[in-house]
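First to last, the sequence lines map onto chains A and B.
Quick note, the first sequence lines up with residues 1 to 326 if you use my numbering.
Quick note, the second sequence lines up with residues 327 to 706 if you use my numbering.
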Amino acid sequence: MGDWEGVRLHVVTGKGGTGKTTVASSLAIALASNRRRVLLVEVEERQGLAQLFDVAPLTYAEHRIATAPGGGEVHGLAIDVREAMHEYLDMFYRLGRAGRALDRVGFVEFATTIAPGLRDVLLTGKTYEAVKRTRENGEYVYDAVVLDAPPTGRITRFLDVTTSVSSLARVGPVHRQASSITAWLHSPRTAVHVVTLLEEMPVQETIDAIGELERVKIPVGAVIVNQVRRPHLAGQHRVAAQRGELDRDDVAAGLRAAALPDDAALVDQLCTEAAEHADRLDLEQDARKDLMRLDRPMYDLPHLPAGIDPTALYEFAETLSEQGAA
Amino acid sequence: MTARRRSPRLDVDHILDDRRTHIIVCCGSGGVGKTTTAAALGLRAAERGRRTVVLTIDPARRLAQSLGLAELDNTPRQVPDIDTTAGGQLDAMMLDMKRTFDEVVEAHTTPDRARQIFANPFYQTLSSSFAGTQEYMAMEKLGQLRRRDQWDLIVVDTPPSRSALDFLDAPERLGSFLDGRLIRLLGGPARAGGKAYRKFFQAGFNVVTGALTKVLGGELLRDVQTFVNALDTMFGGFRERAEKTYALLKRPETAFFVVAAPEPDALREASYFVDRLSDDGMPLAGLVLNRLHVSDGSGISEEQAIAGAERLETAGGHDLAAALLRLHADNVAAAARDRWLGERFFAAHPDVPVARVRALASDVHDLDDVRHVGHLLTGA
Numbered sequence: 001m002g003d004w005e006g007v008r009l010h011v012v013t014g015k016g017g018t019g020k021t022t023v024a025s026s027l028a029i030a031l032a033s034n035r036r037r038v039l040l041v042e043v044e045e046r047q048g049l050a051q052l053f054d055v056a057p058l059t060y061a062e063h064r065i066a067t068a069p070g071g072g073e074v075h076g077l078a079i080d081v082r083e084a085m086h087e088y089l090d091m092f093y094r095l096g097r098a099g100r101a102l103d104r105v106g107f108v109e110f111a112t113t114i115a116p117g118l119r120d121v122l123l124t125g126k127t128y129e130a131v132k133r134t135r136e137n138g139e140y141v142y143d144a145v146v147l148d149a150p151p152t153g154r155i156t157r158f159l160d161v162t163t164s165v166s167s168l169a170r171v172g173p174v175h176r177q178a179s180s181i182t183a184w185l186h187s188p189r190t191a192v193h194v195v196t197l198l199e200e201m202p203v204q205e206t207i208d209a210i211g212e213l214e215r216v217k218i219p220v221g222a223v224i225v226n227q228v229r230r231p232h233l234a235g236q237h238r239v240a241a242q243r244g245e246l247d248r249d250d251v252a253a254g255l256r257a258a259a260l261p262d263d264a265a266l267v268d269q270l271c272t273e274a275a276e277h278a279d280r281l282d283l284e285q286d287a288r289k290d291l292m293r294l295d296r297p298m299y300d301l302p303h304l305p306a307g308i309d310p311t312a313l314y315e316f317a318e319t320l321s322e323q324g325a326a
Numbered sequence: 327m328t329a330r331r332r333s334p335r336l337d338v339d340h341i342l343d344d345r346r347t348h349i350i351v352c353c354g355s356g357g358v359g360k361t362t363t364a365a366a367l368g369l370r371a372a373e374r375g376r377r378t379v380v381l382t383i384d385p386a387r388r389l390a391q392s393l394g395l396a397e398l399d400n401t402p403r404q405v406p407d408i409d410t411t412a413g414g415q416l417d418a419m420m421l422d423m424k425r426t427f428d429e430v431v432e433a434h435t436t437p438d439r440a441r442q443i444f445a446n447p448f449y450q451t452l453s454s455s456f457a458g459t460q461e462y463m464a465m466e467k468l469g470q471l472r473r474r475d476q477w478d479l480i481v482v483d484t485p486p487s488r489s490a491l492d493f494l495d496a497p498e499r500l501g502s503f504l505d506g507r508l509i510r511l512l513g514g515p516a517r518a519g520g521k522a523y524r525k526f527f528q529a530g531f532n533v534v535t536g537a538l539t540k541v542l543g544g545e546l547l548r549d550v551q552t553f554v555n556a557l558d559t560m561f562g563g564f565r566e567r568a569e570k571t572y573a574l575l576k577r578p579e580t581a582f583f584v585v586a587a588p589e590p591d592a593l594r595e596a597s598y599f600v601d602r603l604s605d606d607g608m609p610l611a612g613l614v615l616n617r618l619h620v621s622d623g624s625g626i627s628e629e630q631a632i633a634g635a636e637r638l639e640t641a642g643g644h645d646l647a648a649a650l651l652r653l654h655a656d657n658v659a660a661a662a663r664d665r666w667l668g669e670r671f672f673a674a675h676p677d678v679p680v681a682r683v684r685a686l687a688s689d690v691h692d693l694d695d696v697r698h699v700g701h702l703l704t705g706a
């Protein structure tokens, strides 16, 4: 069952550009393998999942967007704040058609503008509802929920529901629900995974975000290193490349053996590329050391030169499972 | 094969040297190197003789340090250790959106009223964590710097948002929110316009305030009401100020640099932004395409490199040459992918000048690194 037995809500965050939507989707497929049912949720109204899975834009209704190996299913949900607000008003205040009339004056925009925390509570609240939803026989509708969450810079505030509602109505259902959401988010049934690249800024943001999450006692899950490139140089070659001391004759002889031109210009170019590569390997090594210090499970996903398509998600799902993510 | 037209090169130095250029705006989606580009343009302009100020929004720690920005104090400070032999100078500052908002309030009301506003809990949320406030205040600060007339070039970085368009749209959104009828109604029906309008609106208004009270609580609504009343004299001012700065951005003294990286999302955003500038008649200088993998075409192709590596790996021996060929194949492939993504953009925008900046091995750590980026921006 992997490293996250008992976790029902997987929150995936990461600095912008690190591929958190890709990772969240792959994790959902991995978790859905072998006849399980997983809900993949997006909250940023950007239809990133539809683009990635190459399906029609997602709506507030939950639809199956992918099947998983062994008969599992991934369902997709794009939470729309306006819909979430109406659902909420209906549930607790029975406003009925008057609720819809509120749309005409821009009620939802106005309320979420006055109280930015309200937006976060509606989004986490709807996610929580899906996590807890059961069938008539008492079984959970979804075995797990994966949330493609806001980026690292905003994740702690997003999940810190208590603070979000502190400026809102002191009594009533928003507050009651907020306490249940908070309890769930701080329990071992939640894990926040952070996606990063082996580069300075994403690593720094990963470290900062994990520090913040730990301070507010929200359980941190894995660090997922995305776009890992295969090293081409190791040991003495790597050292020599960096110092500009590669054996040029050896390289030229190799080129001849490969039936390629062995002119000085080509040898120069290859040696320059080698030096840059060795420098980058050093930086990546430092980045990895910093990440190791976080002492969280770490999963690697390879860099795919051709980019990401639905097939790649399945490859990634398998890679994640092999490393213990599911 | 169809004939491929090469996009025009973005002549960065020409724009920096042109004394008619007074504002440079660097925009693009998050994580594409906007702030670094802004800093590099500012430094280069200063060292070429312009009196320049760079307004950064949220610089990475090391970039801030390399500009000598130790604290966020909302005041331009001179950047030490730059080359001033051409007669230029460089100041830099980080935007403090709360303080900028405070300044706007102070400028438009009595000290007494200002104190009331600052103490209002809703104002505190509005000025520190409101969606759009950062964009609005960046625009506001730009207007202020321009009016001070102390610099002949202002380079602005834009807030890190998912969408590059937020920089243009958020101030208007915030302005219309503060000007909007719902917030005016909260301030009391007297503010809401004509009698007929009020009557028409009253029934709906009760439902709305009822729902707002239920969801947000009476306390917050009272804070908003107090805020609206205290802000009385400033209504209209908000939108007007944003509109003024917006108009400034349309003048030929402004040059927009759209910044992107060779990623589909970043280029899509750049595309939206370029179209938007053209729709609104705003002066686009060109596209800065950062983080490019480059490979000069003179060497061997990806296929040749892979075939050679395979030959060596099968035969055994020559491990080093095989590794270098594999590496070379990867580099050529990465460069080809970046070129392909770039070309998709240029096919749709053939007349947009472009500056191609190759990927740097590491992040910017000091002024020399910033200078190097400026150098790369000129196509060197």
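All C-beta atoms, glycine included, are put in the ideal place defined by N, C-alpha and C.
Since we're looking at a predicted model, the values are computed, not measured.
Counting only residues of its own chain and dropping the five nearest sequence neighbours on each side, B:VAL690 has a CB closer than 7 Å to the CB of THR362, ARG388, LEU389, SER392, VAL696, VAL699.
With a contact defined as Cβ atoms closer than 8 Å, B:HIS654 and A:GLU273 qualify at about 6 Å. Check the Cα spacing between B:ILE480 and each of B:LEU342, B:HIS675, B:ALA661: the tightest is with B:LEU342. For A:MET91, no CB of chain B lies under 8 Å from its own CB, so it is not counted at the interface with that chain. Under the three-pair Cβ rule at 8 Å, the stretch 108-120 of chain A does not count as touching the stretch 193-207 of chain A. One thing to note: B:PRO334 has its Cβ within 8 Å of the Cβ of B:PRO679. Residue nearest to A:ASP148 within the set A:ARG230, A:ALA28, A:GLN323 is A:ALA28 (criterion: CA-CA distance).
Assigned with DSSP and collapsed to three states, B:VAL620 falls in coil, not helix or strand. Within its own chain, the residues whose Cβ lies closer than 7 Å to the Cβ of A:ALA275, once the five positions on either side in sequence are excluded, are ALA241, GLN242, GLY244, listed in chain order. Listed in chain order, the non-local C-beta contacts of B:ALA660 below 6 Å within the same chain comprise HIS619, local neighbours out to five positions each way being set aside. Counting only the Cα atoms, A:VAL146 lies some 6 Å from A:VAL41. Residue pairing by DSSP places A:TYR299 opposite A:ILE224 in a beta bridge.
An exposed status is given to B:THR436, since fewer than 16 other beta-carbon atoms sit within 10 Å of its beta-carbon. Beta-bridge partners assigned by DSSP to A:TYR140: A:THR134. Within chain B, ALA687, SER688 have C-beta atoms less than 8 Å from the C-beta of A:LEU283, given in sequence order. Using a Cβ-Cβ cut-off of 8 Å, B:LYS540 counts as an interface residue toward chain A, since at least one Cβ of chain A sits closer than that to its own. Bridge partners of B:MET419 according to DSSP: B:LEU381. In terms of Cα proximity to B:ARG510, the closest of B:GLN551, B:VAL482, B:ASP475, B:ARG665 is B:GLN551. In the DSSP annotation of this structure, the continuous segment of the alpha helix (DSSP H) that includes B:ASP664 starts and ends at 645-674. Under a 10 Å Cβ-count criterion, B:GLU461 is classified as buried, with 16 or more other Cβ atoms of the shown protein chains found around its own Cβ. Note: A:GLY72 is bridge-paired with A:ALA68 in the DSSP secondary-structure output. Contact of A:PRO305 with chain B by beta-carbon distance below 8 Å involves ASP656, ALA659, ALA660, ARG663. Residues of the same chain with a CB within less than 8 Å of the CB of B:ASP606, apart from the 5 flanking positions on each side, are LEU494, LYS576 in chain order.
Boundaries cannot be given for B:GLU579, as no beta strand (DSSP E) includes it and DSSP labels it neither H nor E. Annotation for B:ALA647: LEU638 place their beta carbon closer than 7 Å to its own, counting only its chain and skipping 5 residues before and after. For the stretch 176-210 of chain A, the residues whose beta carbon sits under 7 Å from a beta carbon of chain B are, in order, GLU200, MET201. Between B:SER604 and B:PHE671, the C-beta gap is not smaller than 8 Å, which leaves the two residues out of contact. Counting only Cβ-Cβ distances below 9 Å, A:LYS15 has contacts in chain B at GLY356, GLY357, in chain order. CA-to-CA, the gap between A:THR162 and B:GLN470 works out to about 38 Å. Within chain A, the residues placing a beta-carbon under 7 Å from that of B:PHE456 are PRO116, ordered along the chain. With respect to chain A, the C-beta atom of B:PHE444 has no partner C-beta closer than 8 Å. By the criterion of at least three beta-carbon pairs nearer than 8 Å, the stretch 373-389 of chain B is in contact with the stretch 400-418 of chain B. Bounds of any alpha helix (DSSP H) do not take in B:VAL683; it lies within the beta strand (DSSP E) bounded by 680-684. At least 8 Å separates the beta-carbon of B:ALA490 from that of B:PHE583.
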